Amino acid sequence: MAEKIRELLSEEEVNTRISQIAAEISRDYQGREIHLICVLKGGVFFTCELAKRITIPVSLDFMSVSSYGSGTESSGVVRIVKDLDEPLEGKNVLIVEDIIDSGRTLAYLIDILQKRGPASIRLCTLLDKPERRVKKQVKVDYTCFSIPDEFVVGYGLDYDQKYRNLPYIGVVEF
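Quick note on the working numbering: the sequence shown kicks off at 411 and runs consecutively.
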């Protein structure tokens, strides 16, 4: 069965919004350094574009946490695939995600990272599906776009490892 991709958010819309969020983050953290934690794999495109636009000092680390297999639904089982390379003690941490859906992965991740002694932890996402949230305690501090409950790809998001390289956000239609 071949899927089709319908454009939801254009490359221009995405780039404009990332610039706006980066300016907001730069303002909020003025005079401080921020430590971005990119949640792999999907978050890498967004994290790189965001980091380029932030005007305060930035350090960066990567973590891979997953609750998806090869399908379109979260399995509900969260596992760490790759942990951070550096300690978080005393750092202003900003977790950068491609999409927040149920919130299970982020609730788990935030709980683990808070135990590592950061000065602060905040959350930034390219896309948010608030109507799918199971873990209501997950508070998103910076959201580029709230989207409807559709399966999206592009700008790092994939369907079975395909379509990450699309420069826009598209909806998969089966």
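Glycine is no exception: its CB is placed at the ideal position from the N, C-alpha and C atoms.
From a predicted model like this one, the values you see are computed outputs, not experimental measurements.
- Item | the region 428-441 touching the region 454-467, judged by at least three CB pairs closer than 8 Å | yes
- How about L567 and Y552: are their beta carbons less than 9 Å apart? no
- How many Å lie between S530 and V503 at the Cα? 6 Å
- Message: I'd like to know whether the C-beta atoms of V582 and E413 end up nearer to each other than 9 Å.
- Response: yes
- Message: Using CA atoms only, rank isn't needed, just tell me which of K546, P540, R542, L536 is closest to E421.
- Response: L536
- Same chain, Cβ closer than 7 Å to L470, neighbours up to 5 away in sequence not counted: L446, C448, A461
- Message: Only counting the same chain, and skipping five residues up and downstream in sequence, which positions put a Cβ closer than 6 Å to that of P577?
- Response: E421
- Query: For T553, does the three-state DSSP call read helix, strand or coil?
  - Reply: strand
- Verify whether the separation of the beta carbon atoms of G527 and L498 is less than 9 Å. yes
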